[in-house]
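Residue numbers (this note's numbering), protein chains in the order written: chain A, 1 to 503; chain B, 1 to 628; chain C, 1 to 102; chain D, 1 to 166; chain E, 1 to 511.
Below is one structure; the comments refer to it alone.
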């Protein structure tokens with residue numbers, strides 16, 4: 001039941017926060033903060049109980065499982081499950097959620113109630129995505145995430161918000177519908193196979209299919225996930241959405257929402273369709289490599305700081321795609337760390353960009369320059385995270401990228417070598433950002449104030465987190481291990497590689 | 001005692017962290033105490049550790065300590081841990097001691113700079129990262145230090161951030177070295193994938209056990225490591241970043257771009273020398289690259305007029321010697337030269353800094369002159385450094401280290417001693433270009449007014465380093481000159497016994513090499529002290545001028561790379577700034593819009609038209625239903 | 001009684017139906033359009049009678065009666081509307097009634 | 001009987017064609033009446049005497065007369081006829097006419113491929129129709145009355161203000 | 001009481017109310033009273049529907065049959081009709097063009113009666129009469145504001161086009177009748193059960209012409225052109241009625257008809273329907289794409305929506321019947337809600353409704369409750385959770401996937417994505433900051449009944465979107481009978497359609 005609360009608390013908080021704005025303008029903020037903190041406590045409580053995991057025969061170890069009837073006529077149940085992988089991602093979600101509330105404290109002054117409602121509902125949907133073990137429920141929460149996010153962008157976004165919001169929505173929803181087709185097709189194939197019509201993840205695992213069928217259904221899933229991830233060439237919604245969203249929206253989008261794509265690939269695509277996934281792996285890895293390079297090239301070319309960070313996300317998540325389809329322990333652990341580290345570092349960069357925009361009223365880097373002199377703290381923090389995102393050892397991103405590439409090398413050396421080139425291009429865009437923004441001759445008029453205390457606190461937490469990830473990621477690995485074992489249990493032999501060599 | 005080894009990098013790191021958190025608000029005195037003091041402390045600890053190590057060597061002449069396991073995923077378990085053996089001990093000492101002197105120097109040199117605490121923060125961070133690099137037990141941890149020093153190099157080259165040129169130089173340095181780092185990273189993948197560990201010592205052992213010499217795998221691995229080393233150590237073809245890196249403050253150039261970081265490649269190859277021994281072809285390539293770099297950089301140095309750029313090319317060239325030594329298997333010679341080079345090159349840079357700070361940061365040697373009498377401390381230290389660099393016989397440390405390399409090269413050289421010849425020619429050129437600088441800068445007429453004065457924090461390091469540059473070579477002398485082998489004996493547990501070169505032929509070569517460097521100095525005197533009109537006229541002929549310009553730009557490597565890589569990259573970026581992929585979606589959107597317009601216009605509002613469609617639809621429906 | 005195959009009266013119905021339809025499509029005057037609809041409905045009625053003849057049933061004629069009901073209703077409402085539109089637009093031109101479009 | 005059928009058919013087609021092409025409203029309606037009468041004859045030949053009677057009484061008698069009344073009331077005289085002629089340019093009617101012909105050709109070709117059967121030769125008396133109407137079709141007849149009520153209410157509402165407005 | 005009479009109670013309630021209203025008009029014109037009586041009659045009919053939902057089908061003459069399916073949809077359309085009455089009362093009061101308003105209720109009742117007859121009909125005669133009663137009454141309703149040129153034009157357009165389509169429909173029925181000598185659905189089904197059809201050209205041509213008539217009522221492309229004009233011209237409550245009752249009733253009939261006669265035996269017919277469905281989904285959404293009249297947008301979107309439900313009809317499995325029923329329910333709730341919002345925002349006095357998209361700018365800030373309701377309705381139309389529209393869309397897609405209708409599904413996906421664009425466009429207008437001064441926000445004097453009704457609808461949308469199980473149970477119960485008759489033709493669920501050579505098949509599905 002705690003699992004349902006995990007999902008429900010933000011939703012309830014959102015429902016409370018909305019009308020609370022009538023009472024006092026700051027009330028929604030406090031309510032949101034309280035709801036998310038409470039949720040975090042629930043999660044930690046669950047985590048503390050993880051020493052006695054629930055063992056489901058053949059389905060791995062779960063920290064908690066919940067199953068309630070929902071639409072029995074259609075074989076749909078309200079089924080949630082928490083394992084190591086989802087635990088980490090929910091943790092990330094809540095962490096960034098709390099941070100988003102804090103950074104919106106001063107940025108969002110209009111319609112605070114509705115803002116926090118949307119923020120919390122997006123988070124609730126995301127948590128649902130990470131917990132859902134029923135494919136219908138998964139799709140339900142997958143869609144639930146979108147609408148509030150649309151509002152966040154369309155209402156509190158910047159100059160081109162409507163276009164960006166609609167583009168974001170169309171891409172995700174269009175691909176989501178294709179995934180829906182695939183989910184239903186899977187359910188029907190399963191019904192034909194076994195006679196039961198169900199959307200339960202556990203029951204659908206191991207459904208026998210013709211190779212062609214498996215491939216088509218898997219492609220339906222993959223489309224939705226790579227659009228969300230995003231992988232080239234389905235990424236073009238991302239720069240617009242990230243750029244136009246308010247800071248909290250960008251943080252949530254980049255930090256959390258993109259991870260749902262990766263999570264979907266991990267949780268559903270490979271375990272449900274191991275054979276097709278292994279056939280598809282080279283293509284996916286190629287897409288990953290293309291994403292790494294292409295995203296970095298585009299990031300380098302941008303003048304808008306948020307666009308730059310957005311394209312850098314494309315590049316970073318290329319690594320994730322690469323790692324997922326390498327499907328060995330090293331690469332998968334790398335994927336987990338990369339997701340967390342990307343969430344933290346990119347989130348922090350968006351906060352930095354948001355702070356800059358708040359102070360300079362532009363995102364155009366050609367109008368920045370030399371900010372170090374006036375805003376040393378902001379600049380130092382911005383540079384720190386730029387460096388983190390170029391993958392400096394000792395910081396979290398490096399661990400992720402290194403493990404992914406190492407794992408990939410064991411599976412497909414050529415892709416690893418190509419992906420490693422991304423390390424060079426990452427340096428190019430991260431440093432050009434630092435140069436254009438913080439270095440160079442001071443151009444903009446001296447802005448008012450450096451970061452204030454709440455922001456500094458947030459940044460300190462993020463810095464600490466990313467250094468911790470970089471120097472001692474073992475706790476993350478330990479938590480993720482059980483989750484990854486659950487996934488790999490579905491593919492006992494690992495992904496058979498294209499050249500037929502087991503990893 | 002040895003267990004305190006972790007303090008050596010940790011103390012500078014702590015200093016850096018304090019300075020960063022202090023965020024520029026600490027008083028400058030406190031900053032310098034923290035900045036210099038932490039490295040001093042580290043140097044003292046390092047010294048005690050060294051004494052302990054030498055007096056009571058640990059079993060196997062090596063000591064390992066693991067602080068914590070960085071990660072443990074299956075068999076992949078790199079540790080945050082240190083490995084101390086004679087090689088890393090020497091590196092550690094050089095880094096901490098030279099680092100201490102340079103930081104001491106900086107505390108005065110940088111006084112008054114608005115980024116004073118930032119400077120010390122970065123420098124301390126650098127020292128910490130460099131110590132990690134040399135002390136790391138695992139290749140991955142080494143890589144962390146490797147990237148860390150790269151980052152600090154970037155930060156310090158671009159230290160004066162308001163000038164975009166500095167930023168460009170910094171980025172160039174970072175990205176070019178990163179190209180090399182990528183090679184190293186792939187090398188790590190390969191090594192771990194095939195040998196199952198990244199701990200250096202077991203790794204080397206496994207490599208020798210499981211890979212036959214000359215086979216593909218060690219060759220590949222060695223090539224990848226070599227790429228990393230080339231990038232870091234500014235060897236051909238990745239040398240172009242180093243001259244530009246001189247944009248940073250002079251102490252930075254001294255510490256990072258002369259004494260320590262740029263020689264990390266040498267250390268890396270020495271550290272993994274067993275692997276290179278398994279790949280003779282690659283080892284040959286190391287030697288060839290070293291020899292080529294020697295010559296190329298020396299010629300370029302001859303044509304510079306920025307004093308720091310002369311030194312930069314000289315550094316490239318001198319590292320070429322080290323590579324040459326590595327390539328011929330004279331591992332300890334390479335390390336010996338590394339150490340000596342650290343002494344005299346740091347000295348040269350600090351002296352150059354001492355000059356420029358008194359000349360309002362004038363770097364052009366042709367606008368200096370006659371400084372010998374006005375700046376005696378700077379002159380004498382620069383002169384000693386130059387002598388050591390030029391390897392003036394007997395009295396300078398450079399003489400002994402260079403001799404060791406040249407004799408090893410001769411021994412390895414085979415029938416045609418091309419490599420040896422390159423070394424000797426470069427010795428001549430080295431002498432020529434550095435004395436060219438000496439004569440132009442210190443003699444002749446005073447061209448720029450001198451101001452200010454030196455405090456003890458500048459003179460002390462200069463004196464100390466001068467001493468080292470003179471006497472530092474007596475730990476290893478050729479057979480003909482006493483045959484002291486303290487240094488190579490000490491390293492023998494790492495590299496094995498070095499072969500002793502002896503005989504009259506060796507002494508003859510020794511004599512010849514000495515004459516060569518003296519001849520270079522002499523020629524410099526002839527050309528630049530007594531400016532001969534014939535030489536000036538010859539130097540101004542168009543053909544020569546063209547060559548000089550070509551050499552001035554460092555053999556046109558920058559232009560080549562601009563044309564081959566940088567410009568195409570920028571062109572692609574510019575063309576694709578708006579993301580070509582997005583056009584696909586825009587076309588889809590446009591198609592929908594056009595379809596909408598078309599259909600929209602079909603809604604004419606006319607009833608007969610509507611009825612017509614009704615009839616037509618019916619016609620089609622009937623046709624499909626019946627005639628299908 | 002008729003002894004030819006029923007195809008022939010059926011063809012007559014089709015012909016009348018098509019003529020009515022052509023009338024709807026061709027004429028611009030609402031009155032003529034209404035008239036043409038009546039022709040079409042009548043043709044449909046004829047088809048029912050033909051069918052009833054084939055089976056010897058009364059149902060076709062019942063349907064015909066219902067069609068008459070529809071035809072009468074259409075005319076009644078239609079004429080009222082025509083009066084209205086004439087009042088508003090001062091024309092019976094069907095093409096002129098295109099306020100609603102797009 | 002067959003001859004009567006052919007003659008009546010011919011008249012029906014001809015007069016319908018004339019009805020939809022006349023410019024003058026009254027003329028057209030009169031042609032339509034002729035057509036309806038001819039169809040009534042066809043009904044008769046098909047053995048549907050009751051339907052024939054309804055056709056004459058209700059269709060030709062009531063509905064068309066109502067329309068004649070309307071045409072008179074709207075005073076679609078000479079000017080209107082001239083406008084009608086003007087509207088009847090080939091450019092206007094050629095497209096719809098082709099559509100009509102194609103549709104007809106299609107249906108005809110379909111029907112010709114099938115079998116429409118032959119007359120059953122059973123005479124259906126008005127009595128049979130009545131029995132059907134008040135037997136199985138009883139509720140339908142009730143519904144038809146509701147249909148008429150709807151038409152009545154609608155027409156009433158739509159024409160309501162016409163008196164007041166003149 | 002005989003079971004027949006008992007089953008006929010809802011119909012009787014409707015007829016009696018209609019007659020009572022007619023008589024009362026003759027006696028005393030009192031808007032409030034007549035509205036109240038209408039409402040009472042409808043409530044009575046609704047209660048009767050609920051109370052009399054027969055456990056087994058009850059036949060009322062060979063023409064009609066009342067069963068669970070009938071009762072379900074009857075309840076739905078009566079409920080919708082009640083909503084329309086609630087909306088209309090204030091609207092008519094404010095319209096005030098000097099003419100009588102009371103006939104409106106009479107027409108509404110008659111139209112509902114026609115729709116009810118459609119739902120129960122088992123025979124072409126009752127089908128035809130129900131349809132025409134509905135149509136003729138609708139013409140009166142559409143053109144009810146006689147002072148509005150647009151309303152008159154809409155009425156006339158509907159009259160002419162409905163007349164033409166009726167002629168097609170009738171001719172089609174005649175051809176079917178000619179071929180088989182019966183007009184009863186069950187009899188037709190039985191004939192084909194004993195003699196499997198081969199080349200019944202007349203019947204096929206008849207079905208096709210019938211399809212023209214039905215396609216017209218459902219405004220499927222290319223029979224759709226009237227819809228936007230009529231939606232725009234008719235007064236907003238009537239538009240809601242046209243959009244919901246006439247379409248839902250016709251579609252429900254189509255479901256029953258198809259199931260009973262076994263239309264699935266005719267692959268070419270399925271082909272034709274597929275084509276109509278695909279065209280409707282694509283063209284409907286494309287037409288709405290940049291439209292700036294909100295009523296027209298809803299017209300186009302309804303075209304598309306019926307394209308979606310046709311996918312369920314094409315699939316024809318039990319799950320598809322449920323899907324179609326659920327979809328129609330969701331559609332009814334949503335659409336009537338949407339037109340409710342338009343009605344409440346309209347000031348009928350000024351001669352047109354609040355239908356310019358521009359007049360909705362910033363509505364979220366001037367009328368938060370109405371705009372909030374509209375937002376929810378739009379989300380439901382777009383098929384987003386947690387609304388009924390979401391479940392409905394999934395249901396329909398599920399039925400399509402179950403039968404591997406790849407081409408229609410592809411069109412469905414493409415159509416929904418295009419559709420999303422304009423729903424979001426409306427949403428963006430609602431949310432845009434300052435309300436424009438050019439067109440001041442519509443009347444704040446919204447009727448409390450209308451508001452309450454909207455509230456109920458929105459709650460329903462959420463409740464049945466989040467927990468649809470009860471409604472699904474009801475639908476399963478309602479469609480069980482139909483599914484049984486369907487099962488006769490589809491001994492095995494997923495063979496009939498896929499075996500037909502013409503149907504599109506997935507290349508990748510199990511062979």
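Even glycine gets a Cβ: it sits at the ideal position worked out from N, Cα and C.
- At a cut-off of 4 residues, the continuous stretches assigned as alpha helix (DSSP H) that sit fully inside the segment 199-260 of chain A are 201-204, 211-228, 237-244, 247-252.
- Inter-residue distance for residue 139(E) and residue 150(A) is about 41 Å (C-alpha atoms, whole angstroms).
- With a cutoff of 8 Å on beta-carbon distance, residue 298(B) and residue 96(B) are scored as not near each other.
- Look at the segment 95-117 of chain D: the residues with a C-beta under 8 Å from a C-beta of chain B are 95, 96, 99, 100, 102, 103, 106, 107, 110.
- Taken in chain order, the complete alpha helix (DSSP H) segments of 4 or more residues contained in the segment 30-75 of chain E are 31-52.
- Going by C-alpha positions, residue 214(A) is about 17 Å away from residue 202(A).
- Here DSSP, grouped into helix, strand and coil, assigns residue 79(B) to strand.
- In this structure, residue 382(E) and residue 389(E) form a Cβ contact; the two beta carbons are roughly 7 Å apart against a cut-off of 8 Å.
- Contact between the segment 165-173 of chain B and the segment 182-195 of chain B is absent, with fewer than three C-beta pairs closer than 8 Å.
- For chain A, the residues of the segment 137-165 of chain B that bring a beta carbon within less than 9 Å of one of its beta carbons are 140, 141, 143, 144, 145, 146, 147, 148, 150, 151, 154, 155, 158, 161, 162, 163, 164, in chain order.
- By the beta-carbon neighbour count (other beta carbons within 10 angstroms, threshold 16), residue 583(B) is exposed.
- The Cβ atoms of residue 146(B) and residue 125(B) do not sit closer than 8 Å to each other.
- Scanning chain B for C-beta atoms nearer than 9 Å to the C-beta of residue 300(A) yields 569, 570, 573, reported in chain order.
- Shortest Cα-Cα distance from residue 305(B) to any of 419(B), 525(B), 438(B), 493(B) involves 438(B).
- One alpha carbon belongs to residue 52(C), the other to residue 50(D), and they sit about 12 Å apart.
- Under the Cβ criterion (8 Å, minimum of three pairs), the segment 262-270 of chain B counts as touching the segment 228-247 of chain B.
- Against residue 72(A), the close residues of chain E are 469, in the order they occur along the chain (beta-carbon pairs closer than 7 Å).
- Under the three-state reduction of DSSP, residue 6(B) is assigned to helix.
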